[in-house]
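Participant: Shown below is the structure under consideration.
Numbering (the numbering used here), first residue to last: 18 to 235.
Below, the structure is given as structure tokens:
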């Protein structure tokens, strides 16, 4: 029986992709580089540190890694703080509350920075529901490396056979599978160029899940 659910954040709990996309396009414009949507799609599910390194590998950028990371954050948080239409994805808050009230432990394992996670948790009042929030910036390798999910299982206090992951990105699903954890792929139709076919189960609406159905998944 499932005892813990590990949530990704971007594209699962909240759709920050449009904000991130707009902010990144402004950043790229300031750097005088053009990042195609195909290349951009490969960044999804990676940590900001990893994305910055990929940008420096692919393009001629004079800023240091730390300077570029700070610029990336500056553009992102300006977009986040001024976004009036940012909402949690439909049905996910109801699922989170249902799981919490039925004694299922909730862990967040996101490639996003701790600062981004804190922003989302504060804006939508999520601290109460999650036992732990784990950021990809605290790991040397980001998804599809399984390290963040291995850590999430450890923090849950349960064996991986009693945990499931909810992910929307190709890299995230690969990471969950590499960690040996049952993975539910969420295909919202909003995430750019992501393949959920490797997941053990795919949903398109959080109304398809409940605490009762999740407990019986494994």
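Where a beta carbon is used, it is the ideal one built from N, C-alpha and C, also for glycine.
Quantities reported herein were computed from a predicted structural model and do not represent experimental measurements.
(1) Can you give the beta carbon distance from residue 19 to residue 203, rounded, assuming they're within the 8 Å contact cut?
(2) How long is the line joining the alpha carbons of residue 111 and residue 186, rounded to whole angstroms?
(3) Might you give, ordered along the chain, the residues of its own chain that have their beta carbon closer than 8 Å to the beta carbon of residue 68, omitting 5 neighbours on each side?
(4) Would you mind sorting residue 62 into buried or exposed? The rule is 16 or more other CB atoms within 10 Å of its CB.
(5) When DSSP labels each residue in this structure, what does residue 121 get in the three-state scheme?
(6) By the 10 Å Cβ neighbour count, where 16 or more other Cβ atoms means buried, how is residue 46 classified, buried or exposed?
(7) Alpha carbon to alpha carbon, how far is residue 121 from residue 155?
(8) If you draw a straight line from the alpha carbon of residue 134 to that of residue 196, how long is it in whole angstroms?
(9) Report the partner residues of residue 93 according to the DSSP bridge assignment.
(10) How would you call residue 32, buried or exposed, if buried means at least 16 neighbouring beta carbons within 10 angstroms?
(11) Taking DSSP as the reference, what is the three-state secondary structure of residue 156?
(12) First and last residue of the alpha helix (DSSP H) that includes residue 50?
(13) Return helix, strand or coil for residue 199, following the three-state DSSP convention.
Facilitator: Taking the definition as stated:
(1) Translated into the one-based positions of the chain shown, residue 19 becomes position 2. Translated into the one-based positions of the chain shown, residue 203 becomes position 186. Incorrect: roughly 16 Å between the Cβ atoms, too far for contact.
(2) Residue 111 sits at position 94 when you count from the first residue of the chain shown. Residue 186 sits at position 169 when you count from the first residue of the chain shown. When rounded, the distance between both Cα atoms is 22 Å.
(3) Residue 68 sits at position 51 when you count from the first residue of the chain shown. Closer than 8 Å at the Cβ level, and outside the excluded window around residue 68, lie 60 and 89.
(4) Taking the first residue of the chain shown as position 1, residue 62 is located at position 45. Answer is buried; the Cβ neighbour count reaches 16.
(5) As a first step, residue 121 must be located in the chain shown, where it is residue number 104. Here residue 121 sits in coil by DSSP.
(6) For the purposes of this step, residue 46 is identified with residue 29 of the chain shown, where counting begins at 1. Label assigned to residue 46: exposed.
(7) In the chain shown, counting from the first residue as 1, residue 121 sits at position 104. In the chain shown, counting from the first residue as 1, residue 155 sits at position 138. One C-alpha to the other measures close to 25 Å.
(8) Looking up residue 134 in the chain shown gives position 117. Looking up residue 196 in the chain shown gives position 179. Looking at the two C-alpha atoms, the distance is approximately 22 Å.
(9) Translated into positions along the chain shown, residue 93 becomes position 76. Residue 93 is not bridged to any residue.
(10) By one-based count along the chain shown, residue 32 stands at place 15. Residue 32 should be labelled buried.
(11) Along the chain shown, read from residue 1 onward, the residue named residue 156 stands at position 139. Three-state result, residue 156: coil.
(12) Along the chain shown, one-based indexing puts residue 50 at 33. That residue, residue 50, is in no alpha helix (DSSP H); it is neither H nor E in DSSP.
(13) Along the chain shown, one-based indexing puts residue 199 at 182. Residue 199: strand per DSSP, three-state reduction.
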